[in-house]
Amino acid sequence: MHEYSIVEALISRVAEEARARGAAGVSRLYVKIGALSGVEPELLASAYETFRERTVCAGAELRIERVAERWACSGCGRTVERAGALLCPECGRPARLVEGDEIVLERIEMEVP
Ligand SMILES: [Zn+2]
């Protein structure tokens with residue numbers, strides 16, 4: 007499953023960071039999941055529960071923040087609502103995705119001795 011490989015990558019990223027900083031443990035992770043990222047936050051959370059045992063994240067809580075999709079005009083930068091055609095009502099140019107497709111490890115709270 008998609009979410010499992012994301013969790014594996016996430017935990018190894020965290021392990022690297024913890025090693026680099028000489029952390030004794032990790033207490034909390036903050037992850038941002040875009041609405042268009044193709045990741046289900048619930049599935050990610052349950053995959054995390056399965057994988058975190060015996061890793062550096064064993065005692066770490068996972069906080070997931072959902073990020074809504076947001077579009078803006080590629081010409082003038084005006085916000086474009088996701089309704090019908092994704093075209094700017096001002097200048098008619100196509101909209102581009104500003105955020106909403108990301109999977110970001112935003113912050114790690116570590117116990118550094
Ligand atoms: Zn425009």
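Adding 6 to a residue's 1-based position in the sequence shown gives its number in our numbering.
Quick reminder that beta carbons are idealized off the backbone N, C-alpha and C, glycines included.
Keep in mind it's a predicted model, so treat the numbers as computed, not measured.
Under the DSSP assignment, residue 49 falls in the alpha helix (DSSP H) whose first and last residues are 47–57. By the beta-carbon neighbour count (other beta carbons within 10 angstroms, threshold 16), residue 50 is buried. Counting only residues whose CB is nearer than 6 Å to a non-hydrogen atom of ligand 1, the list in chain order is 79, 81, 82, 84, 94, 96, 97, 99. One Cα belongs to residue 89, the other to residue 104, and the distance between them is close to 16 Å. No residue range can be given for residue 118, since it is assigned to no beta strand (DSSP E) and is classified by DSSP as neither H nor E. In this structure residue 71 is exposed. Its beta-carbon is surrounded by fewer than 16 other beta-carbon atoms within 10 angstroms. Taking 7 Å as the cut-off, the Cβ atoms of residue 43 and residue 107 count as close. For the pair residue 58 and residue 80, the Cα-to-Cα distance works out to about 41 Å.
Its Cα nearest to that of residue 68, the residue 16 stands out among 8, 16, 11. Closest by C-alpha distance to residue 8, out of 100, 109, 34, is 109.
The Cβ neighbour count for residue 86, taken over all protein chains shown within 10 Å, is at least 16; the residue is labelled buried. Residue 32 places its beta carbon less than 7 Å from that of residue 66.
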